[in-house]
Amino acid sequence: MNYKLPKEVLEIAEGIRSMKIRGAGRIARAAVKALKIAALGYRGSNVKDFYDYMMYASKLLLATRPTAVSLPNAVAYVMSRLSRNIEAFSLNEAVDSVVKWSDEFIEYSLKATQLIGEIGEGRIKSGNIVLTHCNSSAALSVIITAHRKGKDIRVYACETRPKFQGKITAKTLAKEGIDVTLIPDSAVRFFMKDVDLVIVGADTVAANGAVVNKIGTSMIALAAHEARVRVFVAAETYKFSPATVIGELVTIEERPPTEVVDKDFLRRYPGIKVRNPAFDVTPPEYIDAIITEKGVISPHAAILVLREEFAWTLEERMKKLKLTLNYEIE
Amino acid sequence: MREYEDFHKLIGDLRDGRIFGSTEAAEKALTFIKEQVGLCSSLNEIKNTLIEYVPPLVKARPTSALTVNCLREIVELTIDCIKRKMDAQKVKENICSKIDEMLRKAHESVKMIAGIGAKRIKDGDTILTNTYSYTVLNVLEKARDEGKKISIFIPESRPGGEGIDMAVELYKRGFPVTLFVDSAVRYMMKEADLVLIGAEAIAANGAVVNKIGTSMIALAAHEARVRVFVAAGTYKFSLETFLGEIVELTYRRPEVLLSSHELRALGNVKVLCPAFDVTPPEYIDAIITERGVFAPQAVPLIVREIFGWPPLVKDISVLIEELKRC
Chain A
1 MNYKLPKEVL EIAEGIRSMK IRGAGRIARA AVKALKIAAL GYRGSNVKDF YDYMMYASKL
61 LLATRPTAVS LPNAVAYVMS RLSRNIEAFS LNEAVDSVVK WSDEFIEYSL KATQLIGEIG
121 EGRIKSGNIV LTHCNSSAAL SVIITAHRKG KDIRVYACET RPKFQGKITA KTLAKEGIDV
181 TLIPDSAVRF FMKDVDLVIV GADTVAANGA VVNKIGTSMI ALAAHEARVR VFVAAETYKF
241 SPATVIGELV TIEERPPTEV VDKDFLRRYP GIKVRNPAFD VTPPEYIDAI ITEKGVISPH
301 AAILVLREEF AWTLEERMKK LKLTLNYEIE
Chain B
1001 MREYEDFHKL IGDLRDGRIF GSTEAAEKAL TFIKEQVGLC SSLNEIKNTL IEYVPPLVKA
1061 RPTSALTVNC LREIVELTID CIKRKMDAQK VKENICSKID EMLRKAHESV KMIAGIGAKR
1121 IKDGDTILTN TYSYTVLNVL EKARDEGKKI SIFIPESRPG GEGIDMAVEL YKRGFPVTLF
1181 VDSAVRYMMK EADLVLIGAE AIAANGAVVN KIGTSMIALA AHEARVRVFV AAGTYKFSLE
1241 TFLGEIVELT YRRPEVLLSS HELRALGNVK VLCPAFDVTP PEYIDAIITE RGVFAPQAVP
1301 LIVREIFGWP PLVKDISVLI EELKRC
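Note that the protein sequences, when read in sequence, are chains A and B. Residues 1 to 330 (the numbering used here) make up the first sequence, in order. Residues 1001 to 1326 (the numbering used here) make up the second sequence, in order.
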């Protein structure tokens, strides 16, 4: 069944799809905010119908981007709670609870970024040169916290084709008074010899500790590994993917070619195929540590975070899997 | 005055990499010198032409060993001719025919490299390359002419977009081409069968100087156990490196990465845009030259064969001083 959703909800979904809203954390907060707006905008009178309506809104939001797990995790934060309590709720209670859980998640998310900054900045020493990629609030939180604590640091920011998010990073850091240099993505190995540590964000952390992040991250990690430069990933626990525990692969989104070349180019040279993967996968062996709001962990210990944070959904997923498998065996 | 404007444009194009390949760079530089020498009517004019134009040409593209080696030969030849008391007309003829010979040899060696290199390409291969290279283009065409079906992967090569130009060139010649951003090289490497790149210069230890990003490609290939071949004539050996010189790596102007308007908008942001990088020999499986295929570590062997041992080379600035005293 199709529901009519408030205009603002559709705008947020479109914003995530078109990348006007970018970054795993910002996407998560925007999605949860959309759920809250949807709940407040519900015009029906039946709690069962409200649940279906919220599920409809959730599916719409989930379909916008396939890779960042923060989106389904954030939606699940609200919706799993709703699903567990819906039987006992009146309509008013259900709406109020969605609003409460949404606010709770947003507050938690913002606090987590700040905590990651506090925990991560300890790894940066005065005089260090830090290399970062794309525009990650968690990674920037670490760098900016170190700077505010009086550490004298320099930053190399990769420009990050095709959408140049590195320019936003450079601008943000420059405004903070940090010495920042923008470099092309292909020059990462050239500069790696000068670099003391790499800090990047994450879109998704898989069960084995592999990190899915903006395209180019795995190249940077490889070049850092070669040069014995440490690699830190700053990631909130809601970026860990419970689906990977039961064997699912993270889908790597390939975006439209028009982000790389213009339409005119594609028309003139129809035989040139343009591929635009938005993310790549950095294997855990190139990552020294993942900095979460709950502490610093080895990437190989990702399963620990998943078991702690996502016990409820893992149980559910396992049950479902067992059911389907049993069914198939019969 | 026109040639002076032309000269400044040439210098700019060489420096900013608007003339992409190092073979083309050498060709443009030599053709310019030939034209200028052709206009001279006295020995002094010839001397002054070289003294005026050679150093800035070298400075504009110090990485291009082919350009440096050819210009050095021209200056050496001129000094030799003057010492042998030749008249202006004779010196001019000598220089011009030397330049013609060098250009012919450069093209011949590319054809040889294509013949040898094509043998390393198998039917059905996907070849990952970087930036625009006349030599690589020839190898690929030769392989295709031998009936092998090959497809090409190429990154765009920021900020100049030479990879896009190469993709268009390949497309026009009928190759299936896939273009992607520079940072996607490791992502695409799993689907590639081999890496084939050109070179600006090859150093004494077999390290290869080439367009920025090449060393990342070689590293990603090494990690994925994809073979890396460098197609380059022996004219691209940087003889100075045998005397301990380091190949000077140039930076491009910040404006090539960010418009000056954008630079202002970003605030106090610095920009660094190296034009070339160095790929260590351990990431290169073989160098394909007109004299055959060999390991990068064997560069000294070939150098000894061609130039003697130790190779007797004089720095261009020393030769220019010598020319001034002639």
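Each residue gets a CB set at the ideal place from its N, CA and C atoms; glycine is no exception. Here the structure is a predicted model, which is why all the values come from computation and not from measurement.
Distance between beta carbons of residue j and residue i, contact taken as under 8 Å
{"i": "B:Val1247", "j": "B:Ile1217", "result": "Contact flag wrong, Cβ pair sits at about 19 Å."}
{"i": "B:Gly1213", "j": "A:Ser218", "result": "So it is not a contact: roughly 15 Å between Cβ atoms."}
{"i": "A:Leu91", "j": "A:Ala57", "result": "Not confirmed; about 16 Å, so no contact."}
{"i": "B:Cys1040", "j": "B:Thr1031", "result": "The pair is not a contact, with the Cβ atoms about 16 Å apart (cut-off 8 Å)."}
{"i": "B:Phe1229", "j": "B:Ile1288", "result": "6 Å"}
{"i": "A:Ser102", "j": "A:Lys59", "result": "Wrong, their Cβ atoms sit about 17 Å apart, outside the cutoff."}
{"i": "A:Ile291", "j": "A:Ile153", "result": "Between A:Ile153 and A:Ile291 the Cβ distance is about 16 Å, and since that is not below 8 Å, they are no contact."}
{"i": "A:Ala157", "j": "A:Gly166", "result": "5 Å"}
Residue interval of the beta strand (DSSP E) (run including residue i)
{"i": "A:Cys158", "result": "Arg154 to Cys158"}
{"i": "B:Phe1180", "result": "Val1177 to Phe1180"}
{"i": "B:Ala1227", "result": "In the sequence under discussion, the amino acid at residue 1227 of chain B is Arg, which differs from the Ala named in the question. Its beta strand (DSSP E) spans residues Arg1227 to Ala1231."}
{"i": "B:Gly1292", "result": "Gly1292 to Phe1294"}
{"i": "B:Leu1210", "result": "Here residue 1210 of chain B is Asn; the residue named in the question, Leu, does not match the sequence. Looking at the DSSP string, the run of the beta strand (DSSP E) that includes B:Asn1210 is Val1208 to Lys1211."}
{"i": "B:Leu1194", "result": "Leu1194 to Ile1197"}
Proximal chain A residues relative to residue i, where beta-carbon distance stays under 9 Å
{"i": "B:Thr1250", "result": "Under the 9 Å cutoff, chain A gives no residues; its nearest Cβ is about 12 Å from B:Thr1250."}
{"i": "B:Tyr1134", "result": "Within chain A, no residue comes near B:Tyr1134; the closest Cβ sits about 20 Å away, beyond 9 Å."}
{"i": "B:Gly1115", "result": "In chain order: nothing, as chain A lies at least about 27 Å away."}
DSSP-derived helix/strand/coil call for residue i
{"i": "B:Asp1080", "result": "helix"}
{"i": "B:Ile1011", "result": "helix"}
{"i": "B:Met1001", "result": "Only weak support exists for where B:Met1001 lies, its pLDDT of 44 falling under 50; the coordinates are left without a value."}
{"i": "B:Tyr1187", "result": "helix"}
{"i": "B:Asp1277", "result": "strand"}
{"i": "B:Ile1287", "result": "strand"}
{"i": "B:Ser1109", "result": "helix"}
{"i": "B:Lys1270", "result": "strand"}
{"i": "A:Tyr3", "result": "coil"}
{"i": "A:Leu10", "result": "helix"}
{"i": "B:Leu979", "result": "With chain B running from 1001 to 1326 in the structure shown, residue 979 of chain B is simply not present."}
{"i": "A:Ser90", "result": "coil"}
{"i": "B:Asp1056", "result": "Checking the sequence, you will find Pro at residue 1056 of chain B rather than Asp. In this structure, B:Pro1056 counts as helix in the three-state DSSP scheme."}
{"i": "A:Arg230", "result": "strand"}
{"i": "B:Thr1126", "result": "strand"}
Range of the contiguous alpha helix (DSSP H) that encloses residue i
{"i": "B:Lys1142", "result": "Tyr1134 to Asp1145"}
{"i": "B:Thr1031", "result": "Ser1022 to Leu1039"}
{"i": "A:Ala24", "result": "Ala24 to Leu40"}
{"i": "A:Ser83", "result": "Ser70 to Asn85"}
{"i": "B:Ile1217", "result": "Thr1214 to Glu1223"}
{"i": "B:Ile1320", "result": "Ile1316 to Arg1325"}
{"i": "B:Val1313", "result": "Per DSSP, B:Val1313 belongs to no alpha helix (DSSP H) and is neither H nor E."}
{"i": "A:Ile303", "result": "Ala302 to Glu309"}
{"i": "A:Val47", "result": "Val47 to Leu62"}
Residue i: contacting residues in chain B (beta-carbon distance under 8 Å)
{"i": "A:Ser218", "result": "Arg1186 and Tyr1187"}
{"i": "A:Glu159", "result": "Arg1158 and Leu1257"}
{"i": "A:Tyr269", "result": "Ala1167, Val1168 and Tyr1171"}
{"i": "A:Ile215", "result": "Val1181, Ser1183, Ala1184 and Tyr1187"}
{"i": "A:Thr260", "result": "In the sequence on display, residue 260 of chain A carries Val and not Thr. Ordered by position in chain B, the residues that pass the 8 Å Cβ test against A:Val260 are Glu1156, Leu1179, Phe1180 and Val1181."}
Contact list for residue i against chain A, beta-carbon separation under 7 Å
{"i": "B:Asn1268", "result": "Ala174"}
{"i": "B:Leu1272", "result": "Thr181 and Ile183"}
{"i": "B:Asp1277", "result": "Arg189 and Phe190"}
Proximal chain B residues relative to residue i, where beta-carbon distance stays under 7 Å
{"i": "A:Glu226", "result": "Leu1219"}
{"i": "A:Pro162", "result": "Val1181"}
{"i": "A:Lys167", "result": "Leu1266"}
Contacts of residue i in chain A (Cβ-Cβ under 8 Å)
{"i": "B:Gly1021", "result": "Ordered by position in chain A, no residue passes the 8 Å Cβ test against B:Gly1021, which lies about 17 Å from the chain."}
{"i": "B:Ile1212", "result": "Pro184, Ser186, Ala187 and Phe190"}
{"i": "B:Pro1176", "result": "Gly271 and Lys273"}
{"i": "B:Ser1215", "result": "Arg189 and Phe190"}
Partners in chain B for residue i, counting only beta-carbon separations shorter than 9 Å
{"i": "A:Asn276", "result": "Phe1180, Val1181 and Ala1184"}
{"i": "A:Asp196", "result": "Under the 9 Å cutoff, chain B gives no residues; its nearest Cβ is about 17 Å from A:Asp196."}
{"i": "A:Tyr280", "result": "Note that residue 280 of chain A is Asp in the sequence shown, not Tyr. Simply Ser1183, Ala1184, Arg1186 and Tyr1187."}
{"i": "A:Leu222", "result": "Arg1186, Met1216, Leu1219, Ala1220 and Glu1223"}
{"i": "A:Lys363", "result": "Nothing about residue 363 of chain A can be read from this structure; chain A reaches only from 1 to 330."}
Contact test: residue i Cβ vs the ligand MG heavy atom, cutoff 6 Å
{"i": "B:Phe1276", "result": "As far as ligands go, the structure on display features none, and thus does not contain the ligand MG."}
>> Quick check on the DSSP output: what are the complete alpha helix (DSSP H) runs of length 4 or more inside the stretch 165–220 of chain A, in order along the chain?
In response: 165–175 and 188–192
> At what residue ranges does the stretch 241–291 of chain A contain a whole run of the beta strand (DSSP E), taking only runs of 3 or more?
Replying inline: 272–274 and 279–282
> What runs of the beta strand (DSSP E), each 3 residues or longer, lie entirely inside the stretch 109–143 of chain A?
Replying inline: 129–132
>> Threshold first: 3 residues or longer. Then list the beta strand (DSSP E) segments lying entirely within the stretch 1148–1180 of chain B, N to C.
In response: 1151–1155 and 1177–1180
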